[in-house]
Every structure is written in C-alpha cells, then in structure tokens.
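Sequential numbering from 1 applies to the sequence shown in the UniProt record's numbering.
Backbone N, C-alpha and C fix where the C-beta goes; we use that ideal spot for every residue, glycine too.
The structure appears right after this line, and notes come after that.
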Amino acid sequence: MSASQSSVPPLAVVLNPNAGGGLATREWPRLEAELKRRGQPFELILEGSGDDALARIQALPPQIGVLAVGGDGTVGALLPALVSVPQRPGRPLAVVPLGTGNDFAGMLGLKTGHFAEALDRLSFQPRDVDALEVRILEGDGAGRTHILLNGLGLGFDAAVTANMAHAPARFQGFARYAWAAVATIRELHLSGVQIALDGQSFYSGPSPIVAVMNGTRYGGGFRISPQSSPRDGLLDVVAGGPMNRLQLVGLMLRVLRGTHLDQPQVHAAQGREVTVRWDAPTPLHLDGDLHGQVTAIRVRVLAGAVKLLNG
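Structure representation (structure tokens):
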C-alpha cells in the first residue's frame, strides 16, 4: 500500500443493486477486486432502499468514509450522513458512477466502469464541495427537507424524469433521457411561476421549466447550468419562459451543448437562496428522483458542506 493510499480512511462501500438497471451489481466483482488489489480497507453495504443504506451509514464509527456506487440518487440518499453542520461533522465521500445518469460524477470527469481512475483519485487532496438544502413548502411532502449534491428540476424536466420509466430498456443514460424528452414535449404545459433570489424578485411569468443546480448537467449530459461550480458557495437557477413547443425543442438542443443561456426565453442567475412558487401543482425531481407535485420550494446552498475524496 502506498503512503498516499494509506491516508485514505476505511470506506463503507454503499452499493445500490438497482442502480443503472442492475449494472452496479453486475460490476461489483470487478470493483471489489480493484479495492482488494490496492489494500483499501472497506465494508460492503448492499441495500435496495436509500433509507436503509443511510441508517447503516449513520450507525458506523465517525472515522469511516463512504464510497457511493451508483448514480446521483444513490449519493443523494446518503447525504444527510455526509454533510457537515455546525453541531456535527460529516463523513468524506468518494463516488464510483454506475447509475443511469451519473451527472455529478460526469461533471467531475469520472466515467462509468473506469474503476482504476476513480480509485486513483483517492490519493488526491480531499476537496470541499457545496450541497443544496431543499425545503418543500407546499404540495406533496410539504415540510420535508432534502439534501442534494447535483440539482433539481421542476415542470418539464421532472415530467421527463417520470417518462424515463417508460423508455425501452435498451436506452440508458443520455439516450434514455432524450427519448423521454421527445415524448414529453407533446405534453408541454406552462404554469405561472414566481422566483425570488436572495430576497429579490428574479422572474415572474409562465414557464415550462425551472432548475436549481449545484452541478452543471442533468439527464445524462444535458448541460442545463454550464457555468455552475460546486465549489463557489453559490447555487444557480435557470428558468425558461414563456415559450411554445418549437421554442422548447430548440432550447433543449442548445442545452445539450450548454449554449442556451443567451437566449431570450432563458433566465439564469446565481445566489445563495431561491424560492420558487407555482400557480399550479408542478412535478419535482431531486437529483433525478421524483418527489410528487409541489407548489412552492425553498433552496439554499450549504457552502463547502461535503468533503469529496476523489473529486
């Protein structure tokens, strides 16, 4: 074991057996062999439920780090045990992407199945990254708080996430999102939205989509917030509207390349806290996981709240 590798804490390897349509389970023997080859101490936590995995992490001694094997949802389920708050230090996090979208890991340059590269990065100097705290004010789950690492979408984006469940099994990652996006455009609906950023009105009017991001991309590669940085202590809000179906199609094509921010139908800015209020119940996803219909949420950035081992 090298000196740099020996400085890595013992790891709880949290494997989501459902991630990537079972890809994480199929690839585990290869990842396990790589960990053993490096002499990395680890304990495997295999849970199909995010709540069960979180409970097991919370019961571990504080010096144990976490290696999350899966997608953005796998990481998100564990964040309550990883985020540092004034009354409790968090746990260091490393990520091995084996989920459907892997957007936060993809932003970091981590690639699906490239285990040696992901584990080589454990010798890097750990880096603090921001997280997002989301409070659902009204609608499904009102009063609940969630912690995110990548970002959230309301409206069209969340409807696409719902439609991904109906995509043919042969489509994964970006292709799966693209299939669902085409299917969802036929159902375009604009509701009125009011967005306040750091206490000031930012946008008010009809909109099909609002995203609040810590990372740069979602949906397996759509660069919705290309100027985001998870280390700047700021969140990014991107809203579209008003627009018709044809304009939305053009916008999504630009989002692929991250060249949409200069379009007249796009409203984007940075801040530390944003409140989004809709005139009608609107679907919400958090790091790709659906959370019902909401009419109001509040999001604030938790600056430098997560210590990332392989970022």
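Out of curiosity, what's the CA-to-CA distance linking residue i and residue j?
i      : j      : result
PHE171 : PRO9   : 37 angstroms
LEU253 : VAL276 : 25 angstroms
TRP28  : GLY205 : 48 angstroms
LEU35  : GLY65  : 14 angstroms
GLU187 : ASN163 : 11 angstroms
GLU43  : ARG30  : 16 angstroms
ARG300 : LEU132 : 6 angstroms
GLY50  : ALA77  : 5 angstroms
GLN5   : PRO92  : With a pLDDT of 49 at GLN5, under the threshold of 50, the modelled position of this residue cannot be trusted; read the value that follows with caution. Roughly 15 angstroms between the two C-alpha positions.
GLY220 : LEU197 : 27 angstroms
TYR218 : PRO86  : 30 angstroms
GLY141 : PRO283 : 12 angstroms
VAL255 : PHE115 : 29 angstroms
ALA3   : GLN40  : Interpretation of ALA3 is limited by its pLDDT of 35, a score under 50 that renders its predicted location unreliable; no figure is taken from the coordinates.
ARG144 : ARG298 : 11 angstroms
MET57  : ARG121 : One detail in the question is off: residue 57 reads as Ile in this sequence, not Met. Cα-Cα distance, rounded: 22 angstroms.
THR216 : GLY199 : 24 angstroms
LEU37  : ARG26  : The question names Leu, but residue 37 in the sequence shown is Arg. When rounded, the distance between both Cα atoms is 19 angstroms.
GLN227 : GLY73  : 22 angstroms
ASN16  : THR161 : 19 angstroms
Taking 7 angstroms as the cut-off, decide whether the C-beta atoms of residue i and residue j are in contact.
i      : j      : result
PRO126 : LEU309 : yes
ALA296 : GLU138 : yes
ALA167 : ARG176 : yes
VAL294 : ILE185 : no
ASP128 : PRO230 : no
THR112 : PRO97  : yes
ALA305 : GLY233 : no
LEU248 : HIS146 : no
LEU54  : PHE104 : no
GLY99  : ALA19  : yes
ARG223 : GLY250 : no
ALA24  : VAL69  : yes
ASP279 : GLY155 : no
LEU79  : VAL13  : no
Count the other CB atoms within 10 Å of the CB of residue i; is the residue buried (16 or more) or exposed (fewer)?
i      : result
LEU246 : exposed
SER7   : exposed
ALA81  : buried
HIS189 : exposed
SER201 : exposed
PRO61  : exposed
PRO242 : exposed
HIS260 : buried
ALA159 : buried
ALA268 : buried
GLY271 : buried
ALA118 : buried
ALA59  : exposed
ALA165 : exposed
ALA33  : exposed
ALA169 : exposed
Sort the options by Cα distance to residue i and report the nearest one.
i           : options                           : result
residue 320 : THR259, PRO281, ILE209 and GLN263 : Because the chain spans 1 through 311 in this model, residue 320 falls outside it and cannot be assessed.
GLU273      : ARG223, PRO230 and VAL134         : VAL134
GLY48       : GLY65, GLY21 and LEU35            : GLY21
ARG288      : SER84, MET213, ASN244 and LEU67   : Note that residue 288 is Gly in the sequence shown, not Arg. It is MET213 whose Cα lies nearest to the Cα of GLY288.
LEU290      : LEU251, GLY151 and LEU248         : GLY151
ASN244      : THR216, ARG144 and GLN265         : GLN265
VAL75       : ALA59, GLY101 and TRP179          : GLY101
SER207      : MET107, GLY311, VAL13 and GLY153  : GLY153
ALA211      : ALA180, ALA94, ASP157 and GLY106  : ASP157
SER225      : LEU15, PRO281 and MET107          : MET107
GLY311      : ILE45, VAL95, GLN263 and GLN63    : VAL95
Would you identify the three-state DSSP class for residue i, choosing helix, strand or coil?
i           : result
LYS36       : helix
MET213      : strand
ALA167      : coil
PRO97       : strand
PHE222      : strand
residue 335 : Outside the displayed span of the chain (1 to 311) sits residue 335, for which this structure offers no information.
ILE195      : strand
LYS111      : coil
ARG127      : strand
ARG30       : helix
ARG300      : strand
ALA280      : strand
GLY271      : strand
ARG56       : helix
VAL83       : coil
ALA142      : coil
ARG91       : coil
Would a check of beta-carbon distances place residue i closer than 7 angstroms to chain C?
i      : result
GLY153 : Absent from the structure is chain C; it holds one protein chain and no more.
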